[in-house]
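Notes follow once the structure below has been shown.
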Amino acid sequence: MEKQYAPGHIEQKWQQAWQQRQSFRATEDVSREKYYLLEMFPYPSGRIHMGHVRNYAIGDVVARYKRMRGYNVLHPMGWDAFGMPAENAAIEHGTHPGKWTYENIDSMRAQLKRLGLSYDWQREFATCDAEYSHWEQFIFLKMLEKGLAYKKSSSVNWCPDCRTVLANEQVEEGCCWRCNNLVEAKELEQWFFKITDYADELLDGTEQLTGWPERVLAMQRNWIGRSYGCEIEFPVLDSDATLKVFTTRPDTLFGATFMSLAPEHPMVSALVTPAQRAKVDSFLQTVASQDKLARTSGDLEKLGVFTGSYSSNPATGDRIPIFLANFVLMEYGTGAVMAVPAHDQRDFEFARKYSLPIRVVIQPQGETFHPEQMPEAWTGQGLLVNSGAFDGIDNDTAKENIAAYLDQRQEGRKTINYRLRDWGVSRQRYWGTPIPIIYCDDCGALPVPERDLPVLLPEDVELTGEGGSPLARHQAFLAVACPGCGKPARRESDTFDTFVESSWYFARYACPDYSAGPLDRHAVNHWLPVDQYIGGIEHAVMHLLYARFFTKVLRDLGLLDVDEPFTNLLTQGMVCMETQRCPEHGWLYPEQVKDSTCSECGAAVEFGRTEKMSKSKKNVVDPNLLIDRYGADTARLFSLFAAPPEKDLEWNEQGVEGCSRFLGRIWRAVGDNLELISGCGPLGPVEGAAADLRRKTHQTIKKVSEDIDGRFHFNTAIASVMELVNAVYAFQPGEQDAPVLREALETVVRLLAPFVPHLCEELWETLGHQAGVEAPGWPTWDEAALKTSELTLVVQVNGKVRGKVSVAAHADNQTLEAAALADANVQRFTEGKQIRKVICVPGRLVNIVVSG
RNA sequence: GCGAGAGUGGCGGAAUUGGUAGACGCGCCAGAUUUAGGAUCUGGUGUCCCGUGGCGUGGGGGUUCGAGUCCCCCCUCUCGCACCA
358 MEKQYAPGHI EQKWQQAWQQ RQSFRATEDV SREKYYLLEM FPYPSGRIHM
408 GHVRNYAIGD VVARYKRMRG YNVLHPMGWD AFGMPAENAA IEHGTHPGKW
458 TYENIDSMRA QLKRLGLSYD WQREFATCDA EYSHWEQFIF LKMLEKGLAY
508 KKSSSVNWCP DCRTVLANEQ VEEGCCWRCN NLVEAKELEQ WFFKITDYAD
558 ELLDGTEQLT GWPERVLAMQ RNWIGRSYGC EIEFPVLDSD ATLKVFTTRP
608 DTLFGATFMS LAPEHPMVSA LVTPAQRAKV DSFLQTVASQ DKLARTSGDL
658 EKLGVFTGSY SSNPATGDRI PIFLANFVLM EYGTGAVMAV PAHDQRDFEF
708 ARKYSLPIRV VIQPQGETFH PEQMPEAWTG QGLLVNSGAF DGIDNDTAKE
758 NIAAYLDQRQ EGRKTINYRL RDWGVSRQRY WGTPIPIIYC DDCGALPVPE
808 RDLPVLLPED VELTGEGGSP LARHQAFLAV ACPGCGKPAR RESDTFDTFV
858 ESSWYFARYA CPDYSAGPLD RHAVNHWLPV DQYIGGIEHA VMHLLYARFF
908 TKVLRDLGLL DVDEPFTNLL TQGMVCMETQ RCPEHGWLYP EQVKDSTCSE
958 CGAAVEFGRT EKMSKSKKNV VDPNLLIDRY GADTARLFSL FAAPPEKDLE
1008 WNEQGVEGCS RFLGRIWRAV GDNLELISGC GPLGPVEGAA ADLRRKTHQT
1058 IKKVSEDIDG RFHFNTAIAS VMELVNAVYA FQPGEQDAPV LREALETVVR
1108 LLAPFVPHLC EELWETLGHQ AGVEAPGWPT WDEAALKTSE LTLVVQVNGK
1158 VRGKVSVAAH ADNQTLEAAA LADANVQRFT EGKQIRKVIC VPGRLVNIVV
1208 SG
């Protein structure tokens, strides 16, 4: 055994051994309980970053731990391979996106393998593989048959920079989630998935997802945004038309004194009277000039214009003016609002601005509101007034009663409204899954026949980055015979949103080579649901909601039999680091900083607050350099030890060195004692310091088991092994202590095997074991070894610690009390005082309550 | 505004049901070993003028023999959503 711990060749040796032994191959085996562990698969950018290291290190601990506990673990890895960086690289460097992507996959696979992650690499696939495209297109055709995929013209979020449509979930503060440029509205024919059909199930399902973080569920519920209310029809006076509104407050119907329509409302041009035409046009121009970000922010000044038309309030019969208002959104509800200024703050402000009547219809008991004196709208509870037959009833009851009244008169009905929109999946990009549709002048839009799947991307494509989708210009790709009539027809040139691929990859891992369909139902039912899913919080809404939706769709298509894809979800925090700036040279990489000065010019570096590692801020650490320097085990250990998994991890070079030092300490502890413990006899009865070490060993097994299992407190698990190692160093063994010491050292190696597998395999072999360190399974603790004959109890007087006493472990309360009262220091505080009560907590403390 | 979460040493963080606050690591201080060390080993390290003492988990109240933990009020921060009718 080498005196110095040298991770380089050890790690290589064991990675090869695992590969040769196929240690992580998963096969269906009903004799053992299955455990499907999955980390969110990466986009093959070409380089791994610290976020990957953290994500996959966390997953690997769980995988290895569960395997040692006897589970049949499925732990796969693959590539989320379609997407825009490949196209951008193609434009910049003149390579083909496919070539670029597959080369990146090769390089990233090698980097991940250097980390020693226990994947079943035989299940690997990339979402740009022809087979994957084939079965994704197949699923789309089935969705089309079921009416779950459809085409419509709609105003879409258009990113002018990426030249593509974005889903609502991909628009952040009015900007593109990728390039951060302002998103525009554009009218386009698009394919949609009917996720709204599943709104209720997706929402109600969150109640059953007890293994998910509350905030992710809250975000999804918020996103789906179900609200109960009424749809009410308002007749347009001097016209046959009616305007439908959605309201959650039918109880305020008698207070509706005007109507507000979204500027984009389809009825606008019909409603505008000649006299108002000029004013309305000028208003519409003002609104159009405001970008979407300003339109939807709360502090926008409320602006509106009268259309010249009137409606009548179905409850009061009053004539009410119809306005356009910049704060009314076409995307929500019906794009038309019944305005109740007395009980809605926005309508209140609008009414004040345009001198519209305010009619109070709800008042708390005993209060009288005067519209002209109200400082703001009353949105609280109360009793109805000015509401005809409904006067005097509380407003919650009135919601029901007025809904029933409207229903009876066929002027309205109860309805449920959702914030969730259908998922637009068309993208005007090349590097994606082609949407398998053919357009024929005579037959319309037809699905590509199943026998002609997959529709593959043409290789010979010109990517310039200009003028929309390259597929739309590729004549050989577009030209196709109509599957209906045989006449020349044209292929759909849009590709799927890449979130479609990531919505079902977890199911395909169960049967990556299945060629008779997208999913082998038997295999999928064996492995799914994923028992533990691990990934970044940034996917809380988009990916995680789409994947839930797809699972329900696949279930309804008869392709699998689960309702939810992920039983437990762990969202790991980001990897952060202090930013460093030179006044002269801007953001600096860590290696450009020496002793807090810029290595270029020597100027003092400004340290910023810790932020997420990002290329633009240059506060990034290349995991490859980290592995070169310290080894994969140290990289893994640091990312597990520095913070609990769901919290942000702050990068700290000295912390890394500390982890490296700890591994060296274990190495020496085994090396220095190897001679003593080699070939020692079996463990017999022990006492004194040896019994203490043995107790520490078994306490540590218990603590680490409990910390990993379900709690994922890896940082404290590692800390307790550190304590055990410290105890080994403090222990001075005699000849007869070899078995106890051996047990302690072997326990250290076995407990750390999921965290730092290379080192532990090597030491396990050094300790004389032929089979791998996982072979004997997870260590179990011996309850008897945890017991001691004597316990040290804390003695408190009035809740403050005043002494410690040693007592027999099974001593009764009377004995404890006597021992506590006999303590010299305790007596100082009890002397001359009356003992009112003594509380004994066995195994913990004695508290003496005194007075006087 | 709504929703979720967090505030503990110089720093990252411990403290499963209320029961010795600060485990473990980093940093710092001292010692040992060494030709020397940024290697290794040992000890110390919340704070207050010594402690067998006082104070101490964002602030203020409360419940309790006992509160970081439970209850009420307030402050600060992070994240998500946000004119959603």
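Using the working numbering, the final residue of the first sequence is 1209, and nothing's skipped along the way. Built from N, CA and C at the ideal position, the CB exists for glycine as well.
Query raised in the report: For ALA846, which residues from the same chain have a beta carbon less than 7 Å from its beta carbon, with the 5 sequence-adjacent residues on both sides left out?
Result: Answer for ALA846: ILE795, TYR796, CYS797, VAL837, ALA838, CYS839, listed in chain order.
Requested in this report: Counting only the same chain and skipping the five closest in sequence on each side, list residues whose C-beta sits under 7 Å from that of LEU501.
Outcome: Result list for LEU501: PRO804, in chain order.
Report task. Determine the contact status of GLU396 and MET434, defining contact as a CB-CB distance below 9 Å. Result -> Remark: C-beta atoms of GLU396 and MET434 approach each other more closely than 9 Å.
Query raised in the report: What number of angstroms, rounded off, separates the C-alpha of ASP1094 from the C-alpha of ARG1051?
Result: Each residue's Cα considered, the two are about 10 Å apart.
Report task. Decide yes or no for the touch test of the region 577–587 against the region 770–777: beta carbon pairs closer than 8 Å, at least 3 of them. Result -> Because the criterion of three Cβ pairs below 8 Å is met, the region 577–587 and the region 770–777 touch.
Query raised in the report: Where does TRP861 sit, in a helix, a strand or coil, going by DSSP?
Result: In the three-state DSSP reduction, TRP861 falls in the coil class, being neither helix nor strand.
Query raised in the report: What first and last residue would you give for the alpha helix (DSSP H) that runs through PHE1071?
Result: Unbroken alpha helix (DSSP H) run through PHE1071: 1071–1087.
Requested in this report: Determine contact between the region 1042–1062 and the region 1006–1013, defined as no fewer than three beta-carbon pairs at a distance below 8 Å.
Outcome: Contact between the region 1042–1062 and the region 1006–1013 is absent, because fewer than three Cβ pairs lie under 8 Å.
Requested in this report: Work out the CA separation of TYR866 and LYS423 for me, nearest whole Å.
Outcome: Their Cα atoms are separated by approximately 19 Å.
Query raised in the report: From LEU945, ALA992, GLY988, ALA999, pick the residue whose C-alpha is nearest to that of VAL977; which is it?
Result: Closest option to VAL977, Cα to Cα, is LEU945.
Requested in this report: Would you check if there are 3 or more beta carbon pairs closer than 8 Å linking the region 547–558 to the region 499–517?
Outcome: Yes, the region 547–558 is in contact with the region 499–517.
Query raised in the report: How many Å lie between ARG1193 and VAL1183 at the Cα?
Result: Just so you know, the alpha carbons of ARG1193 and VAL1183 end up roughly 15 Å apart.
Query raised in the report: Can you check whether the CB of MET576 is closer than 9 Å to the CB of ALA897?
Result: Taking the C-beta atoms as reference points, MET576 is found nearer than 9 Å to ALA897.
Query raised in the report: How many whole angstroms separate the CB atoms of TRP884 and LEU431, which I take to be in contact at a CB cut-off of 8 Å?
Result: Correct: roughly 5 Å between the Cβ atoms.
Query raised in the report: Which two residues bound the contiguous alpha helix (DSSP H) that contains SER850?
Result: Where SER850 is concerned, there is no enclosing alpha helix (DSSP H), given that its DSSP letter is neither H nor E.
Query - Cβ shell of CYS842 (< 6 Å), same chain only, five flanking positions each side left out - result: Cβ neighbours of CYS842 beyond the five flanking positions: ASP799, CYS800.
Query raised in the report: Is the distance from the Cβ of ALA699 to the Cβ of VAL718 below 9 Å?
Result: At a Cβ-Cβ threshold of 9 Å, ALA699 and VAL718 count as neighbours.
Query - Test item: CB-CB of ILE1205 and VAL1195 under 9 Å - result: Closer than 9 Å, so yes.
Report task. Can you have a look at PRO1114 and say buried or exposed, based on whether 16 or more other CB atoms are within 10 angstroms of its CB? Result -> When all chains shown are included, PRO1114 counts as buried.
Query - PHE550 (DSSP reduced to helix, strand or coil) - result: Assigned with DSSP and collapsed to three states, PHE550 falls in strand.
Query raised in the report: Are the region 914–931 and the region 993–1006 touching by the rule of at least three beta carbon pairs closer than 8 Å?
Result: Yes, since at least three Cβ pairs between the region 914–931 and the region 993–1006 fall closer than 8 Å, the two stretches touch.
Report task. Please report how far the alpha carbon of ARG404 lies from the alpha carbon of GLU444, in whole angstroms. Result -> For ARG404 and GLU444, the distance between alpha carbons rounds to 17 Å.
Query raised in the report: How long is the line joining the alpha carbons of ASP753 and PRO728, rounded to whole angstroms?
Result: If I take the Cα positions, the gap works out to 22 Å.
Query raised in the report: Between which two residues does the alpha helix (DSSP H) harbouring LEU1148 extend?
Result: The continuous stretches of alpha helix (DSSP H) do not include LEU1148, which lies in the beta strand (DSSP E) extending over residues 1147–1154.
**Report entry** Contacts around PRO815, its chain only, beta-carbon distance under 8 Å, and the 5 residues preceding and following it disregarded
**Finding:** Excluding positions up to five away in sequence, the list reads LEU828, HIS831, ALA833, PHE834.
Requested in this report: Could you pull out every residue in the same chain whose Cβ sits closer than 7 Å to the Cβ of HIS900, ignoring the five residues on either side in sequence?
Outcome: Taken in chain order, the residues that qualify are PHE856, SER859.
**Report entry** Buried versus exposed, by CB contacts within 10 Å (16 or more), GLY737
**Finding:** Answer is exposed; the Cβ neighbour count stays below 16.
Query raised in the report: On the premise that TRP371 lies in contact with GLY473, defined as a C-beta separation below 8 Å, what is that separation, rounded to the nearest angstrom?
Result: Between TRP371 and GLY473 the Cβ distance is about 7 Å, and since that is below 8 Å, they are a contact.
Query raised in the report: What alpha helix (DSSP H) runs, 4 residues minimum, are completely inside the region 980–1032?
Result: Segments of the alpha helix (DSSP H) lying fully in the region 980–1032: 980–987, 989–998.
Report task. Indicate whether the contact test is met: 3 or more Cβ pairs, each with one atom in the region 600–619 and one in the region 679–696, closer than 8 Å. Result -> Because the criterion of three Cβ pairs below 8 Å is met, the region 600–619 and the region 679–696 touch.
Query - Cutoff 7 Å; reference THR673; Cβ partners in own chain excluding five residues on either side - result: Its chain contains PHE611 as the residues whose beta carbon lies nearer than 7 Å to that of THR673, once the 5 sequence neighbours on both sides are disregarded; these appear in chain order.
Query raised in the report: Quick check: the region 383–403 against the region 1137–1154, are there 3 or more CB pairs under 8 Å?
Result: Between the region 383–403 and the region 1137–1154 there are fewer than three inter-stretch CB-CB distances shorter than 8 Å, so the stretches are not counted as touching.
Query raised in the report: Going by DSSP, which residues form a beta bridge with PRO845?
Result: Per DSSP, ALA838.
Report task. Take every Cβ of the region 438–454, pair it with every Cβ of the region 957–965, and state whether three or more of those distances are shorter than 8 Å. Result -> Counting Cβ pairs under 8 Å, fewer than three are found: no touch.
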